[in-house]
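A short worksheet on the structure shown next.
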Amino acid sequence: MTAFGFKTLTFVLPAVLLVYAIWIHGSDYISSSWILPGLGLSILIATFAPRLSRHGKLAGRAYFEQCVRVFKDPIFYTGLAFVSLLLIQWLNSGRTLSFDEVDQQWIYSPPPIAHLPSAIDSQEARSMVFWFFPAWTAVLFVRSSRLGADRSYALCGLMAVNSALLATVGVIQHVSGTPLMSWVNLTSCYSFASFGYSNHAGEYFCLMLSLCVGLLAQALFFDSSRNKVWIGVLILCALLSLVGANLSLSRAAIVFSWGIAGLAVFSIVKLAWRLLDPAMRVNMLAGLIAVVCLGYFLVAGLGRGTIGNELATLGPRDPQPQQTSWDERTMLGDAAFRIWKDHPWVGVGAWGFRYMVALYVAPSLWPSLQAGTANIHNDPLQFMTEFGVLGAGLMAATVIFLLVPIVKLNLWHIPIVLFPLIGCSITFLHSLIDLPFRCPAILYSWLIILAAIPTLAKEKIEPHAATTKING
């Protein structure tokens with residue numbers, strides 16, 4: 254493969270994965286499509302594919318070093334082990350519910366092969382393999398040297414622009430008042446753009462808002478080229494992501510998005526006062542005020558009172574409690590903990606909680622176990638319940654291995670590090686009371702951002718270089 258062809262491939266494959274997952278599977282929690290694992294396999298092949306040098310010869314030594322680099326990555330082994338666990342659960346699935354006349358209770362039949370990890374429903378177990386396999390290969394690909402700093406930045410830029418486009422579709426959908434998700438699928442609850450669950454939409458746009466702000470501040474103060482067109486695009490992307498987070502009508506996202514916006518204004522003003530001359534400070538401040546006002550009027554105008562009504566439910570007097578109340582979540586959390594105690598090491602299988610929960614609550618509560626209670630609304634606890642200590646431990650180890658190089662860089666003051674990390678942290682905090690990681694769009698974006706941060710931070714331009722150009 255030529256150098257140009259390979260460089261194109263390194264950008265196209267993860268880009269297609271992100272775009273497809275966001276536009277097609279933004280809220281599809283049970284995916285039977287083979288496109289996701291197909292893209293994952295293509296990315297894995299590209300990670301190990303040899304490439305030709307400029308003279309048309311096989312770059313043998315470079316290829317060997319590249320393979321060694323991947324094999325030395327601990328995420329190669331944690332991800333491989335986790336995907337293998339999911340694969341075993343899928344292949345060993347197919348348990349049926351029956352009534353035990355002796356013990357007078359409902360039970361699930363043993364799996365085809367006893368004492369091996371298993372799941373209850375085969376299709377749902379397969380969906381988790383299809384989700385997490387491309388997530389693992391994409392992270393390996395981004396962490397390898399094959400993507401490079403320029404294309405890592407381009408991939409993050411694509412995510413920002415894609416978020417703006419998706420938010421635009423959501424705004425049009427919101428204004429039109431259609432009950433159809435993307436004018437195609439009828440949903441039983443409020444939908445926004447490709448997301449049939451408002452909290453998924455809100456969390457996604459909060460994460461993208463953080464990324465947009467990081468890219469924007471980086472372009473303003475740490476990039477010597479200071480491309481005005483690109484800065485304008487990033488401002489627009491940030492505004493649309495802010496609007497998307499608010500029009501999702503997710504209460505947590507509304508609060509988080511304005512918190513991110515406030516922190517962004519504070520950070521940009523602080524950087525401007527430190528790096529710019531007095532005249533440029535005034536221009537920067539005026540521009541910030543204009544952008545913030547525009548964002549506020551866009552949200553207020555498009556929200557038409559719905560955002561205020563949603564925020565009003567945060568108070569103690571909620572005239573219309575949500576379907577999944579805190580009492581129900583407490584009940585679900587208690588049931589999940591007891592399920593895990595009975596299946597501590599490998600769990601009850603992908604999506605197994607929704608089947609097992611009825612056996613761990615009083616029969617009088619069975620009528621309340623509807624769609625909203627199919628999940629615990631606590632991702633770490635649900636992963637522990639369904640994948641056990643082994644699976645949850647492998648997931649936690651992968652995240653730790655992603656964070657280690659970021660911590661070692663010690664560049665918290667750099668916007669391209671600070672704001673994406675804030676967005677990723679908010680996503681994790683939200684996962685303690687909801688289920689953002691049970692959405693492929695959020696899962697892939699979150700992991701790829703964490704994997705790309707070290708490469709982007711190492712290639713940063715010192716702020717004085719940009720300042721010299723501004724003042725010169």
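My numbering puts the first residue of the sequence shown at 254, with every later residue one more than the last.
All residues carry an ideal CB built from backbone N, CA and C; glycine is no exception.
Quantities reported herein were computed from a predicted structural model and do not represent experimental measurements.
Under the DSSP assignment, Y608 falls in the alpha helix (DSSP H) whose first and last residues are F606 to M609. DSSP assignment within the stretch 405-477 yields the following whole alpha helix (DSSP H) runs of 4 residues or more, N-terminal first: 451-474.
Within the DSSP bridge table, the entry for L350 names Y361 as partners. Across the set E581, F606, S684 and Q635, the C-alpha of E581 shows the shortest separation from the C-alpha of P620. In terms of CA proximity to L662, I706 leads the group T331, I706, I686 and F386. A direct Cα-to-Cα measurement between Q342 and F264 gives close to 33 Å. Pairwise C-beta distances place the stretch 370-378 out of contact with the stretch 675-693, as fewer than three of them are shorter than 8 Å. Spanning the alpha carbons of S447 and H683 requires a straight line of approximately 20 Å. In terms of Cβ geometry, P267 and F386 do not form a close pair [threshold 8 Å].
The criterion of a C-beta distance shorter than 8 Å is satisfied by L492 and V544. Per DSSP, the unbroken alpha helix (DSSP H) holding F329 starts and ends at P327 to L344. In this structure, R404 sits away from T300, with a CB-CB distance that is not shorter than 8 Å. Cβ contact annotation for L339 (same chain, cutoff 7 Å, sequence separation greater than five): M381, V382, F385 and A603, in chain order. The residues S447, in chain order, have a CB closer than 6 Å to that of W276 in the same chain once the five nearest residues on each side in sequence are set aside.
If you ignore the 5 residues before and after T331, its C-beta comes within less than 6 Å of the C-beta of L647, A650 and T651, all in its own chain and listed in chain order. Using a C-beta cut-off of 8 Å, the stretch 654-671 makes no contact with the stretch 481-489, since fewer than three inter-stretch Cβ pairs fall below that distance. Secondary structure of H683 (DSSP, three-state): helix.
Look at the beta carbons and you see the stretch 685-695 touching the stretch 452-469: at least three pairs across the two are nearer than 8 Å. The stretch 420-432 makes no contact with the stretch 624-643, as fewer than three CB pairs between them are under 8 Å. In the structure shown, R504 adopts helical secondary structure according to DSSP, grouped into three states. For L643, same chain residues with a beta-carbon under 6 Å away, outside a window of 5 residues either side, are W598 and V599 in chain order.
L502 and L551 have their alpha carbons spaced roughly 15 Å apart. Taking the C-beta atoms as reference points, I360 is found nearer than 8 Å to S351.
Contact check for A589 against L634 passes: the beta carbons are separated by less than 8 Å.
Per DSSP, reduced to three states, the secondary structure at I629 is coil, with no helix or strand assignment. Shortest Cα-Cα distance from Y443 to any of F458, Y697 and Q426 involves Q426.
Note on V601: 16 or more other CB atoms within 10 angstroms of its CB, so buried under the neighbour-count rule. Secondary structure of I695 (DSSP, three-state): helix. Looking at the backbone, the Cα of L462 and that of D595 are separated by about 41 Å. G602: not part of any alpha helix (DSSP H); DSSP gives it neither H nor E.
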